[in-house]
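Protein chains in written order, with my numbering: chain H, 12 to 442; chain V, 18 to 392; chain R, 5 to 229.
C-beta: ideal position from N, C-alpha, C; glycine also.
Values in this document were obtained by computation on a predicted structure and should not be read as measured data.
These notes concern the structure reproduced below.
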């Protein structure tokens with residue numbers, strides 16, 4: 012079925028360089044965005060889940076996708092005409108902005124790192140704290156956030172868009188309704204649902220090409236499933252191959268600068284459960300941001316918990332974590348290796364890992380193999396940049412804690428490595 | 018000779034001799050019945066501890082309460098031959114069956130082949146089967162199975178053996194041989210190649226193939242053929258599928274069984290002898306008794322439901338012993354048209370199912386119960 | 005003045021979801037003799053200008069009315085999604101829980117047990133694929149390494165006679181206590197003349213899954229002979 016469909020990624024692989032990626036993205040929808048049907052899903056992306064997540068009230072049509080794409084890149088959607096969705100979700104940078112936290116209008120910085128739009132349609136909840144239940148809802152919030160795109164409210168945006176004749180006719184043609192804030196969200200979401208990417212070296216390896224990954228990457232995959240314990244939250248299966256469990260975990264990021272208890276007490280009284288707009292503003296603008304999922308659910312287990320990130324194309328989306336505090340993948344592994352940062356709400360699954368330097372290199376190599384073929388050059392360049400940066404400084408590294416010589420973050424099981432990485436996670440043995 | 022010690026082979030031969038001598042001491046009539054079944058069983062074993070050679074039941078000689086034997090036939094069924102390059106096990110089993118039958122003394126009037134000569138319907142498999150069956154001393158009556166048919170829809174079979182359905186009379190009994198493995202076309206719509214079609218039919222549990230049937234043209238032929246036969250004449254039907262409805266998911270089934278049974282209803286005594294099920298199987302519906310044959314290749318387990326009440330299951334097979342649960346057998350056609358049958362299970366004591374058991378609807382002469390559950 | 009009530013169901017999603025018990029409310033009397041349309045939230049209503057009792061609206065009018073009612077509702081419930089309001093359980097205080105939480109107050113909160121219908125979909129898909137793969141290998145001698153053209157289904161159609169519920173047990177053919185996979189390997193080696201599969205071979209695990217799936221509901225009887 013889709014595994015043999017290679018034409019559109021094959022074309023991409025033939026071209027090289029960032030310019031090529033840009034070329035693809037700015038070309039007619041067919042090259043990057045896909046037709047309304049799912050018959051041409053990239054290698055590794057499951058047909059059944061794709062069908063499952065498309066919402067019934069927002070079917071994909073080429074016109075809607077084109078409209079959404081236009082809106083996505085349109086700076087007029089912001090209050091002062093300088094910020095578009097693509098400002099923080101930059102197509103030349105893996106649909107992120109490579110800043111620790113994003114910068115909105117009037118050069119104001121928010122508190123959260125911008126997640127990528129690549130494969131975002133397969134997320135179960137949206138934003139790092141899952142406050143938006145759908146892509147449609149997510150698209151609408153930054154538009155009215157005072158720091159991000161700065162519009163007063165949905166009506167103001169709608170009025171702005173409704174004053175542009177080409178949008179009026181486009182909305183009419185697509186939705187048979189005048190411009191509305193909800194439909195702006197729907198159109199943008201429809202476009203975002205075309206940003207589906209697979210066909211990474213890892214996908215080719217899982218499809219049966221034993222040479223698609225090199226030895227270091229394969230060892231990394233083995234560690235991912237074994238000693239690294241990554242699989243328990245960054246779960247992979249053929250039906251949900253995005254390396255996330257869609258849950259929220261406190262792994263201790265920023266625990267050393269946030270006083271969770273104090274913040275939680277403040278938030279408990281202040282936050283109106285269900286008022287996404289308020290939660291959105293608190294999350295982006297105030298130091299209550301560090302509470303993460305707690306702002307949404309007010310459950311104690313969610314204090315300081317953030318959504319497990321997907322790992323596809325992770326090489327492209329530095330810096331890492333909800334506040335962008337980890338500049339390279341090496342820093343990320345260092346953080347996990349020492350068992351995260353102790354705080355009263357640290358997820359029980361966080362333990363020191365005892366990984367050696369070469370094992371860390373293998374794990375990072377594996378993460379690098381998750382880059383889709385369209386972005387290969389970009390991914391390689393990023394990995395190189397991160398490698399050079401990590402060679403000079405590794406602020407998160409704490410080898411004593413990782414090896415158990417200090418601290419009390421658990422015991423490492425004796426060499427629980429998995430033997431044959433080629434068979435892990437494989438449902439089918441043929442092909 | 019001068020040797021003090023005897024070789025294993027010599028000892029074995031001597032043991033065999035003494036067993037045969039014991040048999041000879043039985044009254045002639047009983048010996049004939051015993052020898053046919055037991056000798057085959059005995060000689061088929063490669064290792065022969067005499068004490069295991071105990072017959073559970075010896076079919077009784079004719080007595081006032083049970084009719085005399087009119088004639089005997091032997092059968093070899095479901096050989097499922099692969100070409101020897103791939104797998105010679107089924108070939109060896111088929112040869113063993115032929116040897117068994119050849120050792121019967123007296124010889125049967127004819128040998129019935131119960132269908133599924135080849136496994137994948139290939140001409141080379143069928144040719145090999147022909148060569149093997151040529152070794153039989155008695156004449157052979159062929160019956161077609163689905164494994165023989167669906168590679169080329171019977172072209173090779175018809176070329177080798179003629180029409181798959183025919184009838185004949187023998188010593189007052191009218192025999193009808195059917196091609197009861199007809200299936201409605203399931204392959205054209207799916208775009209299957211002949212090999213794919215054959216593989217599908219070869220799989221018992223895939224549910225893709227259609228259910229077996231006799232089909233209207235053949236039923237009409239049967240009706241016409243039987244129209245000339247007086248209703249008192251015993252009828253024996255050879256069919257590969259059971260001609261009753263046992264278990265549909267495994268095609269232990271004939272879709273138009275009811276219609277076929279209706280055609281047979283006017284006759285006083287009807288016996289259906291069928292292959293395909295590879296297990297000890299007996300059934301009775303009204304005036305018709307149904308007898309399943311053993312395979313020489315492998316045993317099927319009993320189906321989870323639909324097992325006829327009259328069947329006393331055989332114990333489940335030992336997977337270590339490739340001769341367990343398989344074999345051949347003999348059918349004695351009695352003067353009243355019913356049959357006694359002996360299942361000559363290799364590596365087991367023979368199982369005999371007398372006609373009186375079915376005639377009494379299971380109240381008399383019930384065969385022994387199995388030790389292990391089969392399913 | 006007679007009142008005319010039209011219950012207006014908005015997005016198809018609500019209808020498809022089967023709809024909750026919709027509250028019935030007394031809409032306000034019509035002020036200008038026009039038809040009053042009420043929303044099924046039980047509170048919002050709108051008098052349609054120029055529509056007299058007995059008249060029907062054209063599609064554009066109807067859409068306009070629907071939009072207006074929706075805007076009015078959204079003003080009262082900022083940031084909420086309509087169909088979420090209709091089919092999400094309210095918490096003890098009568099408030100609708102925040103989007104994405106999905107756990108009404110009665111349930112204990114936890115990460116592990118707090119799974120969604122999408123999770124169940126994914127888990128079932130993966131299980132079905134694994135069992136289907138086992139089914140495929142079970143029926144294909146070459147797939148599991150049999151060399152004589154004998155596949156498992158020849159003696160075990162639908163995995164009959166495999167008795168996975170009786171394992172572990174003393175297996176006579178092996179002369180020791182065996183698990184199901186040991187017996188599968190034995191069968192691969194002996195009747196089908198293949199090489200036994202490694203314990204963590206996906207094919208072995210898939211076949212085990214298929215065999216067990218065929219015996220769903222049968223009580224466990226390890227050691228039974």
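Item checked: residue 75/H and residue 185/H closer than 9 Å at C-beta -> Closer than 9 Å, so yes.
Margin query: Looking at residue 194/R: is its Cβ nearer than 9 Å to the Cβ of residue 208/R?
Written below: Cβ atoms of residue 194/R and residue 208/R: not closer than 9 Å.
Checklist line | Cutoff 6 Å; reference residue 353/V; Cβ partners in own chain excluding five residues on either side | finding: Excluding sequence neighbours, residue 353/V sits near 84.
Checklist line | Inside the region 334-381 of chain V only - alpha helix (DSSP H) runs reaching at least 4 residues | finding: Fully contained in the region 334-381 of chain V are the following alpha helix (DSSP H) runs of length 4 or more, in chain order: 372-376.
Checklist line | Own chain, CB closer than 6 Å to residue 344/H, minus 5 neighbours either side, in chain order | finding: Excluding positions up to five away in sequence, the list reads 371, 374.
Margin query: In whole angstroms, give me the CA-to-CA distance for residue 361/H and residue 230/H.
Written below: Between the alpha carbons of residue 361/H and residue 230/H lies a gap of roughly 22 Å.
Notebook entry, point to check: Under the rule that 16 or more other beta-carbon atoms within 10 Å means buried, what is residue 337/V, buried or exposed?
Noted result: Residue 337/V counts as exposed, since fewer than 16 other C-beta atoms from the protein chains shown sit within 10 angstroms of its C-beta.
Check: At what residues does the beta strand (DSSP E) containing residue 51/R begin and finish?
Finding: First-last of the beta strand (DSSP E) with residue 51/R: 49-51.
Notebook entry, point to check: For residue 186/H, which residues in chain R fall below 7 Å Cβ to Cβ?
Noted result: Near residue 186/H there are no residues of chain R at all, since even the closest Cβ is about 10 Å away, more than 7 Å.
Next item on the list: To the nearest angstrom, report how far apart residue 161/R and residue 182/R are at their CA atoms.
Entry: Computed Cα separation, rounded: 22 Å.
Checklist line | Sequence-distant residues of the same chain with beta carbon closer than 8 Å to residue 377/V, five excluded per side | finding: Nothing meets the Cβ criterion.
Next item on the list: Answer with yes or no whether the minimum CB distance from residue 157/R to chain H is below 9 Å.
Entry: No, because no Cβ of chain H sits closer than 9 Å to the Cβ of residue 157/R.
Next item on the list: Report back the beta-carbon spacing between residue 71/R and residue 51/R to the nearest angstrom; my notes put them in contact at under 8 Å.
Entry: That pair is no contact at about 15 Å.
Note to self: By the three-class DSSP mapping on this structure, what secondary structure does residue 394/H have?
What the structure shows: It is helical.
Item checked: Neighbouring residues, chain H, relative to residue 120/R (Cβ below 9 Å) -> In chain order, 135, 257 make up the part of chain H whose C-beta sits under 9 Å from the C-beta of residue 120/R.
Next item on the list: Return the Cβ separation of residue 401/H and residue 342/H in integer angstroms, given the expectation that the two are a contact with Cβ distance under 8 Å.
Entry: The pair is a contact, with the Cβ atoms about 7 Å apart (cut-off 8 Å).
Next item on the list: Note down the Cα distance separating residue 117/R from residue 123/R, rounded to an integer number of angstroms.
Entry: A direct Cα-Cα distance of roughly 11 Å separates residue 117/R from residue 123/R.
Note to self: Counting only Cβ pairs nearer than 9 Å, list the residues of chain R close to residue 52/H.
What the structure shows: Per Cβ cutoff of 9 Å: no residues; residue 52/H is ~15 Å from chain R at best.
Next item on the list: List the endpoints of the continuous beta strand (DSSP E) containing residue 186/V.
Entry: Its beta strand (DSSP E) spans residues 183-187.
Next item on the list: Go ahead and label residue 249/H buried or exposed: buried means 16 or more other beta carbons lie within 10 angstroms of its beta carbon, across all protein chains shown.
Entry: Residue 249/H should be labelled buried.
Check: Considering residue 176/V, what are the terminal residues of the beta strand (DSSP E) in which it resides?
Finding: Unbroken run through residue 176/V is the alpha helix (DSSP H), 172-178; no beta strand (DSSP E).
Checklist line | Length of the line joining the Cα atoms of residue 57/R and residue 47/R | finding: The alpha-carbon atoms of residue 57/R and residue 47/R are separated by roughly 21 Å.
Check: Just to confirm, are residue 215/R and residue 138/R a CB contact at a threshold of 9 Å?
Finding: With a cutoff of 9 Å on beta-carbon distance, residue 215/R and residue 138/R are scored as near each other.
Item checked: Euclidean distance between Cα positions of residue 234/V and residue 53/H -> Going from the Cα of residue 234/V to the Cα of residue 53/H covers about 53 Å.
Notebook entry, point to check: Quick one: what's residue 230/V bridged to in DSSP?
Noted result: Partner(s): 199/V.
Notebook entry, point to check: Within 10 angstroms of its Cβ, does residue 361/V collect 16 or more other Cβ (buried), or is it exposed?
Noted result: Around the Cβ of residue 361/V, a 10 Å sphere holds 16 or more other Cβ atoms; the residue is buried.
Margin query: Counting only C-beta atoms, is residue 214/H closer than 9 Å to chain R at any point?
Written below: No, no contact with chain R.
Next item on the list: Please name the residue, chosen from 229/V, 269/V, 281/V, that lies closest to residue 298/V on a Cα-to-Cα basis.
Entry: Of the candidates 229/V, 269/V, 281/V, the one whose C-alpha sits nearest the C-alpha of residue 298/V is 269/V.
Next item on the list: Pick helix, strand or coil for residue 193/R, following the three-state DSSP scheme.
Entry: In the structure shown, residue 193/R falls within a helical segment according to DSSP collapsed to helix, strand and coil.
Next item on the list: Tell me where the alpha helix (DSSP H) around residue 79/R begins and ends.
Entry: It spans 63-80 - the alpha helix (DSSP H) in which residue 79/R sits, taken as one unbroken run.
Notebook entry, point to check: Can you list the residues of chain H that residue 215/R reaches, using a CB-CB cut of under 7 Å?
Noted result: By Cβ distance, chain H contributes nothing, its closest Cβ being about 16 Å from residue 215/R, past 7 Å.
Margin query: Measuring only the C-alpha atoms, how far is residue 107/H from residue 339/H?
Written below: So the two alpha carbons sit approximately 15 Å from each other.
Check: Rounded to whole angstroms, how far is the Cβ of residue 191/V from the Cβ of residue 126/V, which I believe are closer than 8 Å?
Finding: Actually they are not in contact, since the Cβ atoms of residue 191/V and residue 126/V sit about 15 Å apart, beyond 8 Å.
Next item on the list: Within its chain, find whatever has a CB closer than 7 Å to the CB of residue 249/V; leave out the 5 residues flanking it on each side and keep chain order.
Entry: The beta carbon of residue 249/V lies closer than 7 Å to those of 285 in the same chain, with the five residues before and after it left out.
Margin query: Please tell me whether residue 57/H has its Cβ less than 9 Å away from any Cβ of chain R.
Written below: Residue 57/H counts as touching chain R.
Next item on the list: Within the region 65-138 of chain H, note down every full alpha helix (DSSP H) run reaching 4 residues or more, in order along the chain.
Entry: Counting whole runs of 4 or more residues, the region 65-138 of chain H contains the alpha helix (DSSP H) stretches 73-83, 96-99.
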